[in-house]
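Counting the sequence shown from 1 gives a position; the working numbering is that position plus 118.
Built from N, CA and C at the ideal position, the CB exists for glycine as well.
Have a look at the structure below, then the notes.
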Amino acid sequence: MTRIMVCGSRQEADIELLAMAGVDAIGLITEVSQPLPCNLSREQARQLSALVPPLMSSVLILTEEEIEEVCRLVDYVRPSAVQLHGFNRPEEVAVLKQRLSVKIIKTLHLQGEQLLDVNRYNLRPNDPGPNDPGHSDLRHSDHKHNDSQHNDHKYKIRSSCPSNVGKQPDAGSFQLDNALKNLIAAYLEAGADAILLDSAQKNKVGSTGQVADFAIARQIRDVVWPRPFILAGGLQAKNVANALQKVEPYGVDVFSGVNREGYLDPQKVQEFVEAVRRVYTF
């Protein structure tokens, strides 16, 4: 059965609502870098996490990338899992895997046909794939970031993914290149317990309401498999069945599709859960 994570809880009543609706995981958006009405302080996140029933999971959602601060937040909030929604590098995920006792979900950010995370690495599209001879582990690669060119200390890559932002590509027009496959493999080898794909827009790495291209999502899901793949981005009751049939994810993550004026909407939550439960994906 497809797992359901709902993000956007702000109060105790939200936890009760999601528990009664049969949601599997509650996403607590905490001290993220973009303004959201449900952006919790660490104190609020800790209080809500403690209210999550035993058979449900609490997921701490962070855009924070600094390792020490991520560890402090996780230790303080005490969630079941942490979702790294920023641009943490694979080697940083490996360090966090060693230091944290919770599951790690790594987000990838899809804008049109571009996976923004790929642009953080100086890789070539035709580099050997993760199963090809000559493949190098990105966690220990020689690809260095150039501080004189990139003040944000992120890696940069030349991606073969065309930039058709705002257009819906044809179902067969997008093929994952080795650079992207290598990046996914590096995150999994670093210890990510699941990969989540979310839609991005300029200056926004989530909560966009933009539907991800399902053909692209399916290809990424197939690379991640058999590890859990979670689909996010513009999902709602009226399109989630189509998403499940085309992508077959382990789980779905919803925020804007169950939200009304900054708060969780009970009717939208119930309709979304029912729409998911009607679909048999495995």
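With DSSP collapsed to three states, give me the class of residue i.
{"i": "Phe347", "result": "strand"}
{"i": "Tyr368", "result": "coil"}
{"i": "Gly126", "result": "coil"}
{"i": "Asn157", "result": "coil"}
{"i": "Arg257", "result": "Only weak support is given to the placement of Arg257: the predicted model assigns it a pLDDT of 47, under 50, and the question is left unresolved by the model."}
{"i": "Lys272", "result": "Since pLDDT at Lys272 reaches only 34, below the 50 mark, its modelled position is unreliable, and no value is offered."}
{"i": "Gln152", "result": "coil"}
{"i": "Ala312", "result": "strand"}
{"i": "Gln354", "result": "coil"}
{"i": "Ser175", "result": "strand"}
Given this structure, state the Cα-to-Cα distance separating residue i from residue j, to the nearest angstrom.
{"i": "Val150", "j": "Cys156", "result": "10 Å"}
{"i": "Ala355", "j": "Ala333", "result": "19 Å"}
{"i": "Val192", "j": "Ile144", "result": "15 Å"}
{"i": "Pro171", "j": "Ser374", "result": "24 Å"}
{"i": "Arg160", "j": "Ser167", "result": "10 Å"}
{"i": "Ile302", "j": "Ala361", "result": "21 Å"}
{"i": "Ala308", "j": "Arg207", "result": "10 Å"}
{"i": "Glu134", "j": "Leu180", "result": "23 Å"}
{"i": "Asp132", "j": "Lys221", "result": "23 Å"}
{"i": "Asp142", "j": "Leu353", "result": "16 Å"}
{"i": "Arg121", "j": "Leu154", "result": "25 Å"}
{"i": "Val329", "j": "Leu228", "result": "10 Å"}
{"i": "Asp340", "j": "Ile348", "result": "12 Å"}
{"i": "Arg345", "j": "Asp371", "result": "16 Å"}
{"i": "Met119", "j": "Gly140", "result": "12 Å"}
Go ahead and label residue i buried or exposed: buried means 16 or more other beta carbons lie within 10 angstroms of its beta carbon, across all protein chains shown.
{"i": "Ala350", "result": "buried"}
{"i": "Ser175", "result": "buried"}
{"i": "Asp331", "result": "buried"}
{"i": "Leu173", "result": "exposed"}
{"i": "Ser219", "result": "exposed"}
{"i": "Arg164", "result": "buried"}
Since residue i and residue j should fall inside the 8 Å C-beta cutoff, what is the C-beta to C-beta distance between them, to a whole number of angstroms?
{"i": "Ile338", "j": "Leu306", "result": "That belief does not hold up - the Cβ atoms of Ile338 and Leu306 are roughly 12 Å apart, past 8 Å."}
{"i": "Leu234", "j": "Ala318", "result": "6 Å"}
{"i": "Ala359", "j": "Ala335", "result": "About 15 Å; that fails the 8 Å criterion."}
{"i": "Val211", "j": "Ala310", "result": "6 Å"}
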